[in-house]
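So the sequence lines, in the order shown, correspond to chains B and R.
No gaps in the numbering here: position 266 of the first sequence is 266 in the working numbering, and each next residue is one more.
No gaps in the numbering here: position 104 of the second sequence is 1104 in the working numbering, and each next residue is one more.
One structure is given below, encoded as structure tokens.
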Amino acid sequence: MSADDRAAESSETKAPDTTASAVESADTKASDVKRSATEADDRPLLDRLWMPTTPALRLATLRALVGTYGFVYVLVRLPHLLSYALDDVARFQPVGPATLAPSPTLPIVYQALVALLVLTSTTFLLGFKHRWLAPLHALLLTWVLTYTNSWGKILHTDNLFLAHVIVLAFAPSADALSLDARGRAPRDDHPRYGWAPKLMIALAAATYLLAGIAKLRNGGLHFLGGETLRNFVAFDNARKIELGDIHSPLGAALLPYPGLFAVLAWASMLLELGAPLALHRRIGRWWSLGMWGFHLGVLALMAIGFVYPLSFLAFAACFDVEKLWQRRPLRKLAAKLGVA
Amino acid sequence: MTSAERAFAYGFSLLAIATVLSPVLRHPDEDSFPLSTYPMFSHERPREMTMVHAVGLDAEGTREPLPPRVSADTREVLQSMRTIEMAVHGGRAIELCREIGERVKAREELAHVREVVIETITFDAVAYFDERPPELERFVHARCEVLR
Chain B
1 MSADDRAAES SETKAPDTTA SAVESADTKA SDVKRSATEA DDRPLLDRLW
51 MPTTPALRLA TLRALVGTYG FVYVLVRLPH LLSYALDDVA RFQPVGPATL
101 APSPTLPIVY QALVALLVLT STTFLLGFKH RWLAPLHALL LTWVLTYTNS
151 WGKILHTDNL FLAHVIVLAF APSADALSLD ARGRAPRDDH PRYGWAPKLM
201 IALAAATYLL AGIAKLRNGG LHFLGGETLR NFVAFDNARK IELGDIHSPL
251 GAALLPYPGL FAVLAWASML LELGAPLALH RRIGRWWSLG MWGFHLGVLA
301 LMAIGFVYPL SFLAFAACFD VEKLWQRRPL RKLAAKLGVA
Chain R
1001 MTSAERAFAY GFSLLAIATV LSPVLRHPDE DSFPLSTYPM FSHERPREMT
1051 MVHAVGLDAE GTREPLPPRV SADTREVLQS MRTIEMAVHG GRAIELCREI
1101 GERVKAREEL AHVREVVIET ITFDAVAYFD ERPPELERFV HARCEVLR
């Protein structure tokens, strides 16, 4: 057994705090933090970069944030999700994992899976039996979202949300702020809580990088001229009007200013191709603000709402989200949840 | 951190990143879900635009685009367009037209609609927003009366 293994084991088996041992526990905790810091210094560079010593509460807060988003999203989109309980073979064009199914799922089975997804969204949010139910939730979410994209048109609004749920489902994200952690001693800051936030950032960066690469591969540097972007804004808004949907009057009003679209094209390309730099802590924070601004721009000019990035949760892993609990509006809730 | 935890963290991370980046090996237009090449906005977009849609006509012949709920029984605007496209390409435009007519009939706010038309329109997307936009070029695939 390595020194790391022994340290981890001792951290796992630590007894719950009691009033009598509170002072001793506080001392132990302080020395554990010091020990963790020393251990972190001794670890190989890659370990320190990819698995920095991180509070369990940060990862748990990310689970709570993404879980809340998912819970609300599934409930709000329930009529939409259920509208795909179809057996119309002519319209079925399976993609991704849905290609494993030769024909549409029986509507009653699909409805049951969606109902189960509502249930697992709740357990994921609450951190209940996380080790077993969270991977099941990730699997169900993958199937249901893939299935809804298997009817002829692929939407790109849920990819990153799904990727983040999968990461959080397989990470120890219910070691705090969860039903599973109720009555347990608080976990020390530890490298095991560090890799998942890094991976969430990496996956966000990867999706934007792919979008930048697709622009270069399909259109070359032509995109940077701004004309393509302007035509897209015009095209998308005209299409929305002709399909009886809401369009963006602002996008239409800016069409006479082509120079503005060139600036926007450069900015979006730089943000997309520069996405891997987001793994650097400080750059990542600025990048996430830039990407958020990019999505606000898309919403304002084209009335296209990528809800997950717009909610900023897609970039939450770039920040010390556990500090949210120290903010005034959340202090009372934090005290109730035992994370104060 | 145990060596098993460390191995899992690295293995899982590598697998996840490689999987998400794997579409880069495909043709950029080979889109899928949940692994996408994110091809939206990546092609050069000419100003001329062709699309298929469903419109309602009132007694004066004024055209009114029908919303996705009516045209394709969906909330998703792009999904509605795809449904109409598939019906047109599959030779089922007239059947879809009648289905839309039934949905129009069930909606009070569309009581003025007398006919449903499924058509392909071609136009200059930028000039579309001019003060005096040019006429749209139309090709009608199906036309049906709303039977009330």
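Glycine included, C-beta positions come from ideal geometry on N, C-alpha and C.
Residue pairing of B:GLY293 in beta bridges, as defined by DSSP: absent, with no partner found. In the displayed model, B:VAL167 falls within a helix according to three-state DSSP.
For B:GLY152, the closest of R:VAL1077, R:VAL1117, R:GLU1099 by C-alpha to C-alpha distance is R:VAL1077. In this structure, the straight-line span from the alpha carbon of B:LEU337 to that of B:THR120 is close to 21 Å. In the three-state reduction of the DSSP assignment, B:ARG187 falls in the coil class, being assigned neither a helical nor a strand state. When beta bridges are read from the DSSP output, R:PRO1065 appears opposite R:VAL1055. Between the segment 49-64 of chain B and the segment 189-199 of chain B, the count of C-beta pairs closer than 8 Å reaches three or more; the two stretches touch. In the structure shown, the three-state DSSP call for R:HIS1141 is strand. DSSP places B:PHE261 in the helix class (H, G or I) of the three-state scheme. Chain B has a Cβ within less than 8 Å of the Cβ of R:PRO1067. Spatial neighbours of R:VAL1104 in its own chain (CB-CB distance under 8 Å, excluding positions within 5 residues in sequence) are listed in chain order as GLY1056, LEU1066, VAL1070, LEU1110, VAL1113, VAL1116, VAL1146. Listed in chain order, the non-local C-beta contacts of B:PHE261 below 6 Å within the same chain comprise GLY226, LEU229, ARG230, local neighbours out to five positions each way being set aside. Between the alpha carbons of B:TYR73 and B:VAL114 lies a gap of roughly 13 Å. The residue among R:ALA1004, R:GLY1011, R:PRO1023, R:GLU1108 with its C-alpha nearest the C-alpha of B:ALA211 is R:PRO1023. Only HIS1027, PRO1028, ASP1029, ASP1031, SER1032, PHE1033, PRO1034, LEU1035, SER1036, THR1037, TYR1038, PRO1039, MET1040, PHE1041, SER1042, HIS1043 from the segment 1027-1043 of chain R bring a Cβ to less than 9 Å from some Cβ of chain B. C-alpha of R:ALA1072 to C-alpha of B:VAL321: approximately 42 Å in a straight line. Within the same chain, and ignoring the five residues on either side of B:LEU299 in sequence, the residues whose Cβ sits closer than 6 Å to its Cβ are GLY305. Using a Cβ-Cβ cut-off of 8 Å, R:PRO1134 does not count as an interface residue toward chain B, since no Cβ of chain B sits closer than that to its own. With a 10 Å radius around the Cβ and a threshold of 16 neighbouring Cβ atoms, R:GLY1090 comes out exposed.
Using a Cβ-Cβ distance cut-off of 8 Å, the segment 141-157 of chain B and the segment 70-88 of chain B are in contact, since at least three pairs of beta carbons, one from each stretch, lie closer than that value. Within the DSSP secondary-structure output, R:GLU1115 pairs in a beta bridge with R:LEU1057, R:GLU1145.
No Cβ of chain B is located within less than 8 Å of the beta carbon of R:ILE1118. For R:GLU1048, the pairing in a beta bridge is given by DSSP as R:ASP1124. Listed as beta-bridge partners of B:THR54 by DSSP are B:HIS190. Judged by their CB atoms, B:GLY96 and R:SER1042 are not nearer to each other than the 8 Å cut-off. Interface criterion not met: the Cβ of R:GLU1108 is under 8 Å from no Cβ in chain B. Check the Cα spacing between R:ILE1017 and each of B:ALA196, B:PHE128, B:TYR110: the tightest is with B:ALA196. In the DSSP annotation of this structure, R:MET1040 is not part of any alpha helix (DSSP H), being labelled neither H nor E. Ranked by Cα distance from B:SER311, the options B:PHE161, B:TYR84, B:LEU216 are led by B:PHE161. Looking from the CA of R:CYS1144, the closest CA among R:ILE1094, R:GLU1119, R:PRO1046 belongs to R:ILE1094. In the pairwise beta carbon analysis, the segment 124-134 of chain B is classified as not touching the segment 100-109 of chain B: fewer than three pairs are separated by under 8 Å. Chain-ordered, the chain B residues with CB closer than 7 Å to the CB of R:PHE1012 read PHE170. The three-state secondary structure of R:GLN1079, taken from DSSP, is helix.
Against chain R, the beta carbon of B:ILE201 has no neighbour under 8 Å; the closest one sits roughly 11 Å away. For a Cβ distance threshold of 8 Å, nothing in chain B lies close to R:VAL1088: the least Cβ distance comes to about 13 Å. For the segment 234-258 of chain B, the beta-carbon criterion of a distance under 7 Å to any beta-carbon of chain R is satisfied by ALA234, PHE235, ALA238, ARG239, LYS240, ILE241, GLU242, LEU243, GLY244, ASP245, ALA252, LEU255.
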